[in-house]
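Going by the working numbering, the first residue of the sequence shown is number 81, and it counts up by one from there.
As C-alpha cells, the structure follows; a few thoughts come after it.
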Amino acid sequence: MEKYGYRFSFGPWNIHAGADPFGPEVRPSLTFAQKLSLYKELGFDAVQFHDDDAVPDLNDLAPAQIRERARAVRRQLQDHGLVAEFVAPRLWEHPMTIDGAYTSNDAKARAYAIERSKRAADIAQELACGLMVLWLAREGTYMRESKDVGRAAHQLLAAVNTLLTYDKEIRIAIEPKPNEPMDLAYIPTMGHALALGFQADDPKRVGVLMESAHSILAGLDPADEIGFAMAFGKLWSVHLNDQNGLKFDQDRSFGAVDLRRAFNQVRVLDANRFWEIGIVGLDVKAIRTQPAELATKHLRNSIQMFLRLVELSRSLDHQTIQQLIAARDYEELDWLILSHLMGK
Ligand code: GLO
Ligand code: MG
C-alpha cells in the first residue's frame, strides 16, 4: 500500500466490544497484546495510549513501578515494529473526577488530577513519545451556575504550566470537544485550545489535536479547524473520523458520512505537508452491529479512505481551479470538485 510518507495510528479503545449507554458488550474484548498484533497488518505504524492502556491500575502503583511497567510496554512495541504516538491521562473515570479534574470544585480532586497527569508524563517519557494529549473530558458543567468559566480557564492554564515545568521536554496537544460527557465543555474548539496554549509559560510546547467529530459537534468545519491550527504550526495530531449531525459522538469511519468534508480535511493536511509533522490518528469505532471477527474493518476503511483522498487531492486540476477562482466561477469549481470525487 502506497502511503505517501504518512504514518497512521489508533488507540486500543478503537477496537472495542460494542457496549453503549443502553446495552452491554456484543463482542469479546481483545487483550492489549491481541490488539497490538493487528496494527501492522492493518497498515498502522503507531499506538495512541491512555495512561492506563499502557499501565493498567496505575493508581495503585508507585511512580517507579509505573515507569518500570511502561518500559516493558515499550519493549512490546519494539517487538511489533511500532512506536507510541502519545499518552493521554484518563481523567474521567475515577470517582475523584466526578465533578471535573483540573477544574473540580474540590481541591483534593484537582490535586489528584495533577498527580495522575504527572504519572502520564512519566509514561510518555518511558515510551519515548514526548507528547501528551489532553482531552478535557469532564472540564465543563452540567449546571452552569456550579462553576466559574474564568476561574476554570486559569485552573486549566495552571495545570498545563505545572506539567510543562514537571517535564521540561514534554509537548502537550489539547483535544477540544464541545460536549459529551459534559453538557457544555470549557475548551470546545480549536480557538479555545490555541488561546490557552499561547498563554502558557512555554507556548512552544503547547499545541492541539483536531478531531473531526468534535469540530462537527461544535458546528464547525474540520478542514478549517485544521487549517487554522496549521497556520500557526500548532496541529500536532489529528483524530480523523466522521459524524452524522448534532447527536452523540459517533466516531464513524473517516469519510463515511460526508465524503467532501473528508476530502477537504485531507486536502488541507496534504497541502500543509502534515506527513512531515505528525501521525494521522484515526479515532474511529466499529458500529455495534459488526460481528466480532469483522470488527476491524472501520480501521481498514478509514486508512484506505485517507489514502484515496490524498490521491484525489493531488490529482486535482490546480491550473483550472486557479482560472475558475480568477473568473469567480465558483459554481464551475463546485462541479469540478464533485466530478473529481465521483471519479470523472
Ligand atoms: C472522546 C475522545 C477520546 C480521546 C482519547 C484520547 O470523545 O475523542 O477518544 O481522543 O481519550 O485522549
Ligand atoms: Mg479523540
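C-beta atoms are modelled at their ideal positions from N, C-alpha and C, and glycine is treated no differently.
Note that the C-beta distance between Leu389 and Ala342 is below 8 Å. According to the DSSP assignment, Ala126 belongs to the beta strand (DSSP E) that extends over Ala126 to His130.
Taking 8 Å as the upper bound for CB-CB distance, Ala309 and Leu300 are not in contact here, some 12 Å apart. Neighbourhood of ligand 2, defined by CB distance below 5 Å to any of its heavy atoms: Glu291, His319 and Asp363, in chain order. For the 8 Å CB-CB criterion, Ala253 and Ser317 form a contact. By the 16-neighbour rule on beta-carbons within 10 angstroms, Arg408 is exposed. Non-local C-beta neighbours of Tyr84 in its own chain, meaning closer than 6 Å and more than five positions away in sequence, comprise Val390, ordered along the chain. The three-state reading of DSSP puts His378 in helix, counting H, G and I together.
When secondary structure is reduced to three states using DSSP, Gly307 falls in the helix class. Residue environment analysis places Ile250 among the buried positions, since at least 16 neighbouring C-beta atoms fall within 10 angstroms of its C-beta. Remark: C-beta atoms of Leu404 and Glu412 approach each other more closely than 8 Å.
In the DSSP assignment, Glu411 falls within the unbroken alpha helix (DSSP H) covering Tyr410 to Leu421. Residue environment analysis places Ala217 among the buried positions, since at least 16 neighbouring C-beta atoms fall within 10 angstroms of its C-beta. Selection Ser393, Leu379, His398 and Ala193 evaluated against Ala168 yields Ala193 as nearest (Cα-Cα).
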